[in-house]
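Down below is the structure, laid out as structure tokens.
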Amino acid sequence: MKLCRYGAAGAEKPGIIDADGRIRDLSGHVADIGPAELGKDGLAKLAAIDPASLPLVDGDVRYGPCVTGTRHFVAIGLNYADHAAESNLPIPDEPVVFNKWVSCIQGPNDPVTIPRDSLKTDWEVELGIVIGTATSYVEETNALDYVAGYCVVNDVSERHWQIERGATWDKGKGFPTFGPVGPWMVTADEVGDPQQLSMWLDVNGARKQDGSTETMIFSVAHIVSYLSQIMTLLPGDIITTGTPPGVGMGQKPEPVYLKAGDVVELGIEKLGSQRQDFVAWKAGQ
Numbered sequence: 317m318k319l320c321r322y323g324a325a326g327a328e329k330p331g332i333i334d335a336d337g338r339i340r341d342l343s344g345h346v347a348d349i350g351p352a353e354l355g356k357d358g359l360a361k362l363a364a365i366d367p368a369s370l371p372l373v374d375g376d377v378r379y380g381p382c383v384t385g386t387r388h389f390v391a392i393g394l395n396y397a398d399h400a401a402e403s404n405l406p407i408p409d410e411p412v413v414f415n416k417w418v419s420c421i422q423g424p425n426d427p428v429t430i431p432r433d434s435l436k437t438d439w440e441v442e443l444g445i446v447i448g449t450a451t452s453y454v455e456e457t458n459a460l461d462y463v464a465g466y467c468v469v470n471d472v473s474e475r476h477w478q479i480e481r482g483a484t485w486d487k488g489k490g491f492p493t494f495g496p497v498g499p500w501m502v503t504a505d506e507v508g509d510p511q512q513l514s515m516w517l518d519v520n521g522a523r524k525q526d527g528s529t530e531t532m533i534f535s536v537a538h539i540v541s542y543l544s545q546i547m548t549l550l551p552g553d554i555i556t557t558g559t560p561p562g563v564g565m566g567q568k569p570e571p572v573y574l575k576a577g578d579v580v581e582l583g584i585e586k587l588g589s590q591r592q593d594f595v596a597w598k599a600g601q
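Structure (structure tokens):
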């Protein structure tokens, strides 16, 4: 299934994508796509519904974040060997873990605001994991049982705050609008092997990233198991799993960063695509 949330920000309705790629309204069956709907029983209930029996959503509709109720938005850094190399950093022995603030989560096609005085706003196409069932201390062999599905994430990053303003990466990762998620969550059964997904990102029509989850250093199962050793993963939590090479910071002969007026488009095989206009910060934001 492809589950989505659509409508005005803060007033999204639950939806499902039918076989023709159209949104069908689920609000007659569930209140939203959140923790209560993401467990095995909740997903089974939704899977039993014939999308053709649901009201069709017409017109140009905004996609919201594909799930709601996210309490942890966890990220993994340097999870592709080539990206570690372009960052001039060693391949990590264990996953590099940081947080994106949940307040940065937004729809996949909403504008992204470049922070005030930022000169180093960057892009990162990433595979997002959506947790379906709460877990602690899960073994890697069973870790995928706790995954509801997957989505596209743009791990928008401000490199000055991430790298040059102290020891923690979190400061450059959670600015408002820095977490586009969606357009939909594709359930794990429909995705199949999460380590076989191609991914891409363009800036102003020029291809910058072209990779595959096949080259992850730490697999989805390893990441879920590892994180469950240090926290309780909760239904609706999102884990974004690192990016392949081609970020702005790694461009040659010198880094290239985003400016107002730039357009970023990105996507992952089976999971859909996003498009963001990058806009300047204005007083009051």
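Adding 316 to a residue's 1-based position in the sequence shown gives its number in the numbering used here. We put the CB at the ideal spot given by N, CA and C, even for glycine.
Close CB contacts of residue 486 within its chain, under the 7 Å cut and outside five residues either way in sequence, are with 414, 415 (chain order).
Look at residue 467 here: in three-state DSSP terms it is strand. With a cut-off of 8 Å on Cβ pairs, the segment 484 to 499 is in contact with the segment 459 to 469, counting three or more such pairs. Look at the beta carbons and you see the segment 562 to 574 touching the segment 421 to 439: at least three pairs across the two are nearer than 8 Å. Here the segment 365 to 377 makes contact with the segment 334 to 345; the two share three or more CB pairs at distances below 8 Å. For residue 412, the closest C-alpha among the options 548, 534, 364 is that of 534. Taking the C-beta atoms as reference points, residue 578 is found nearer than 7 Å to residue 520. DSSP, reduced to helix, strand and coil, places residue 543 within a helical segment of the structure shown. DSSP places residue 502 in the uninterrupted beta strand (DSSP E) bounded by 501 to 503. The residue among 560, 523, 452, 489 with its C-alpha nearest the C-alpha of residue 419 is 489. Here residue 447 carries a strand assignment [DSSP, helix/strand/coil]. Taken atom to atom, the span from the alpha-carbon of residue 542 to that of residue 512 is near 21 Å.
Excluding its 5 nearest sequence neighbours in each direction, residue 524 has C-beta neighbours in its own chain below 8 Å: 439, 517, 518, 562, 563, 564, 567, listed in chain order. The Cβ-Cβ distance between residue 348 and residue 386 does not fall below 7 Å.
Within the segment 401 to 465, the complete beta strand (DSSP E) segments of 3 residues or longer fall at 412 to 415, 428 to 430, 441 to 447, listed in chain order.
For residue 354, the uninterrupted alpha helix (DSSP H) run begins and ends at 351 to 354, by DSSP. Burial check for residue 537: the Cβ neighbour count within 10 Å reaches 16 or more, so the residue is buried.
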